[in-house]
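Heads up, the sequence shown is in the working numbering, so the first residue is 1403 and it goes up one at a time.
Using N, Cα and C, we set each Cβ at its ideal position, and we do this for glycine too.
As the structure is a prediction and not an experimental result, all values here were calculated from the model.
Reading through the structure tokens given below for one structure.
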Amino acid sequence: AAAVSHSGLSSSRHFSRLSPERPTAFQQHRASLNLQHPPAMKRLCQNLPRRPVSRYSLTFILTVLSCSCPALGKKKLYIGALFPMSGGWPGGQACLPAAQMALDLVNNRTDILPDYELELIHYDSMCDPGEATKLLYDLLYTEPIKIVLMPGCSSVSTLVAEAARMWNLIVLSYGSSSPALSNRQRFPTFFRTHPSATLHNPTRVQLFQKWKWTKIATIQQTTEVFTSTLDDLEERVKEAGIEISVRQSFLTDPAVAVKNLKRQDARIIVGLFYETEARKVFCEVYKEKLYGKKYVWFLIGWYADNWFKIKDPSINCTVEQMTEAVEGHVTTEIVMLNPETVRGASNLTSQEFLAQLMSKLGGKNPEETGGFQEAPLAYDAVWALALALNKTVGPLRAKGHRLEDFNYNNRDITAEIYRAMNTSSFEGVSGHVVFDAQGSRMAWTLIEQLQGGSYKKIGYYDSTKGNLSWYGNDKWIGSGPPADQTVVIEEFRYLSQKLFVSVSVFAGLGILLGIVCLTFNIYNSNVRYIQNSQPYLNNMTAVGCMMSLAAVFPLGIDGLHVHRKQFPIICQFRLWLLGLGFSLAYGSMFTKIWWVHTVFTKKDEKKDKKKHLEPWKLYATVGVLLGIDILSLMIWQIVDPLHITVEKFTREAPKGDLDVLIQPLLEHCNSEKMNTWLGVVYGYKGLLLLLGIFLAYETKSISTEKINDHRAVGMAIYNVAVLCMITAPVTMILSSQQDASFAFASLAIVFSVYITLVVLFVPKMRRLITRGEWQSDAQETMKTGSSTNNNDEEKSRQLERENKELQKIIQEKEERVSELRNQLSERQALRSRRRASTITNQNHSPPPFSITQSDPRSLAPPPGYPAPASDPHPVPQSFANSSSLYQSDSKISRNKCHTSRLQLLYK
């Protein structure tokens, strides 16, 4: 009768819906019989056989006592469970049989809940919160009363645990890993035998550090469990100095997220999604070629072992393509099966449990059974609940309560169950079961890698102790773990050594030529021809040219020849040698051409004052130019010294299938305000070059013995100015091309120096050698000494003054000759007219023959000249042009010139 009665009560499909505050009709009837008090019930049970009752009354009494009398049978405690048999994680396929195995063992034990029997009422939540809401409503508002709720998925557990507090229900999950469920304020009665997903993160960080990865990417399904897990991972990697460079998420279609990972060069990728979405992700991964030796994927370890081989109509990739895409990925999985052969609370080892579970599944392939790995957690969840309920029997009896008295308003029983769960500690088939303060399971982490289509254990990690146990059997497609990003190899660009050696040879030869020219100039400094070219200025030019050529060597020295710490010294050598060399070489030539222009392009009255310029003034001019350069360079180096800077270029891919990029680097001598300093220097030098060109052009037609090589100096200035004005901007533009920049700068220096030395010194050498002037002038100089030079200079100045006076006299005489020519022409014309009129008169009336004698003084020749033959014909017109000697003599006689000056004039 009791069995029939219980069978009638357990037909849950016909239960009426009740509110948590409203007691059942059966409870009201039992209360009306005063059966709520345990002593009364005991007395009733003891006196029951002594009273004669009718058949129907006995049936009714037995039915009532089936729930109240321990001696008459076990009382049932109901567990409401949600097992996902399908959906994103079909874990109920293996977890439900495991839970039923645990219930059978618990109910058969006499030392655990001997007066009670646990019964499981379960539904398929499909791992869907919407469906779970409907099922939770049915569990709560349909009899019998459930003493505990057991959800599976994290999304379902979040819904159930948040609502359970309103019904004073303990929630024990076997498959929830969401970190959000560790919030005690939000989920005060929640426990789980599945560790939190955040337990994976310390393991992942440890692996990142082991393989020396500092840059990772993530892709997640947009659910709370994965979002909170990723937030925790982001905090942990930040503390470890690891960067999450790319973070992608998706709701249902991962195509765009996977493309973004490919576009942003993600290499180490952490994927957080359910199994069904994992197949979608890796189908896109195969299409985007985001797999192979360059990539490593980190996935959740609780998928089925052959999850990538399961046919899925939502993807269009074959099994072979999926297998190729997932090869080599790493999973982190909570240790869900005790690796040791230990008999725990259930008196079963982990291997015995697996054998019984396989028998329960009826020979199904574990790889195709969802939740097979989590089955030990569901098994231990039932045992944890049974042990906790067994622990509450005594405390509740002391308080006058029993487990069967539980209802949704009884907080005392809920508090006792909570305390018992919170202090649980036993050995289960999944390992040691213990809960932390947040109700989460503490466990080890198993690290596996997919090798050849099957998962291989490669290590364990104990997050509580920070201990990594490594097997060393990790296997990679390439030679080792891939880089977390494209490996960038820094490679310095150095000057071509062939170019450097070639230019250095020319520079060395130029220095030898400068030494030869300097020696020649010093040795022949007493020769008059050399003296008239200002030899000291030429010596400065030769020294400046050699210094400029010497600057070619530090221009070609880079990091290939010296250490980086010594490179600023090389920069100083470049600047000072080139700056001072230019000032000496060009400054001395500029001084020459400037002096020539100053002296010979002024007015006559100022020429005499400036013709005789002391040599020290020329040297002082060069010194001023040199001093300006020295001062500016010193200010530059004190205020903003040169230092080494490294220029980065666009990365280059080397030849071959190498996962590396070459980062070209180039060292430069630079300062903080380099452009400003170069602008000042180039502006000053540029003005000097332009002024030198102008002075050379203005003095091209001047001839002077004071500086007899000023035309050669002008030619050298032209060449130097043109080369400098072309090379300076070109080298600035080509500064990033070390070979071209060095070639332009060094060859400009070499050519300008060669041209300067050849133009200035080779003609002097040729003249002294071919004409032998160096011998006679040297001997004369040795004999006469310095007085000879002074007398020659005085004579030269006196002759110049006399020549100037004579030029004035000649100009006056020429003006007088012109006047006399005009007067002579007029006389001849007058005489012709008179003779013509005389002849006409004689024809009309012939007079007596007579010859009129002119005034002999008018036809007399000048003194000292022979008398001209008489000619009755008129003087030809050409006489005025051909008788310059006569006219000049007449001019001289009229102006009463001295005879000695006449000779000098016609000489």
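First through last residue of the alpha helix (DSSP H) which encompasses residue i
i	result
residue 1502	1494-1510
residue 2131	2112-2135
residue 1606	1602-1612
residue 1979	1969-2002
residue 1909	1899-1925
residue 1484	From DSSP, residue 1484 is part of no alpha helix (DSSP H) but of the beta strand (DSSP E) over 1477-1484.
residue 1755	1752-1763
residue 1853	Where residue 1853 is concerned, there is no enclosing alpha helix (DSSP H), although the beta strand (DSSP E) it sits in stretches over 1847-1853.
residue 1823	1813-1824
residue 1797	1777-1800
residue 2078	2076-2100
residue 2017	2017-2041
residue 1725	1721-1728
Integer-rounded CB distance, given that residue j should sit under 8 Å from residue i
i	j	result
residue 1570	residue 1812	7 Å
residue 1683	residue 1660	7 Å
residue 2046	residue 1970	6 Å
residue 1844	residue 1866	7 Å
residue 1944	residue 1923	7 Å
residue 1697	residue 1884	7 Å
residue 1589	residue 1565	Residue 1589 to residue 1565, Cβ: 10 Å. No contact.
residue 1776	residue 1577	5 Å
residue 2024	residue 1949	Not really, about 14 Å apart at Cβ, beyond 8 Å.
residue 2205	residue 1934	Incorrect: roughly 19 Å between the Cβ atoms, too far for contact.
residue 1561	residue 1535	6 Å
residue 1622	residue 1676	About 11 Å separates the two Cβ atoms, so there is no contact after all.
residue 2126	residue 1976	Actually they do not touch by this definition, with Cβ atoms about 16 Å apart.
Closer than 7 Å: residue i CB and nearest the ligand NAD heavy atom
i	result
residue 1980	No copy of the ligand NAD appears in this structure; indeed no ligand is present at all.
Extent of the continuous beta strand (DSSP E) run through residue i
i	result
residue 2145	Per DSSP, residue 2145 belongs to no beta strand (DSSP E); it is in the alpha helix (DSSP H), 2140-2173.
residue 2069	2062-2072
residue 1733	1732-1736
residue 1869	1869-1872
residue 1517	First-last for residue 1517: undefined, no H or E at that position.
residue 1859	1856-1864
residue 1594	1592-1594
residue 1893	1889-1894
Counterpart residues of residue i in DSSP-defined beta bridges
i	result
residue 1622	1651, 1674
residue 1539	Beta-bridge pairing links residue 1539 to no other residue.
residue 2047	2070
residue 2328	Outside the displayed span of the chain (1403 to 2309) sits residue 2328, for which this structure offers no information.
residue 1830	1833
residue 1955	DSSP, once it has assigned bridges, lists no residue as partnering residue 1955.
residue 1550	1481, 1572
residue 2054	2064
residue 1524	1483
residue 1645	1617
Cβ neighbours of residue i in the same chain (closer than 7 Å, five flanking residues each side left out)
i	result
residue 1625	1557
residue 1522	1481, 1483, 1501, 1502, 1505
residue 1400	Residue numbering for the chain in the displayed model covers 1403 to 2309; residue 1400 lies beyond these limits and cannot be assessed.
residue 1738	1775, 1776, 1778, 1779, 1832
Own chain, CB closer than 6 Å to residue i, minus 5 neighbours either side, in chain order
i	result
residue 1927	1937
residue 2042	2073, 2074, 2075
residue 1498	1485
residue 1434	Residue confidence for residue 1434 is low, a pLDDT of 38 falling below 50, so the modelled location carries little weight; the figure read from the coordinates is stated next. So no residue of the chain qualifies.
residue 1841	1592, 1593
residue 1821	none
residue 1529	1486, 1489, 1490, 1491, 1555
residue 1959	1972
Chain-order list of residues whose beta-carbon lies under 8 Å from that of residue i (same chain, five-residue window excluded)
i	result
residue 1955	1906, 1909
residue 1751	1740, 1743, 1744, 1745, 1831
residue 2112	1994, 1995, 1998, 2101, 2104, 2106
residue 1731	1698, 1699, 1700, 1701, 1851, 1852
residue 1916	1944, 1945, 1947, 1948, 1951, 2155, 2159
Original post:
Are at least three pairs of beta-carbons, each pair with one atom in the segment 1908-1922 and one in the segment 1686-1699, less than 8 Å apart?
Top reply: no
Original post:
Between the segment 1891-1904 and the segment 1866-1880, do at least 3 Cβ pairs fall closer than 8 Å?
Top reply: no
Original post:
Using 8 Å as the Cβ pair cut-off and three pairs as the minimum, do the segment 1797-1807 and the segment 1613-1625 touch?
Top reply: no
Original post:
With contact counted as at least three CB pairs below 8 Å, one residue from each stretch, are the segment 1533-1548 and the segment 1781-1790 in contact?
Top reply: no
Subject >> Stretch-stretch touch, CB-based, cutoff 8 Å, three pairs: the segment 2083-2094 with the segment 2126-2143 >> reply: yes
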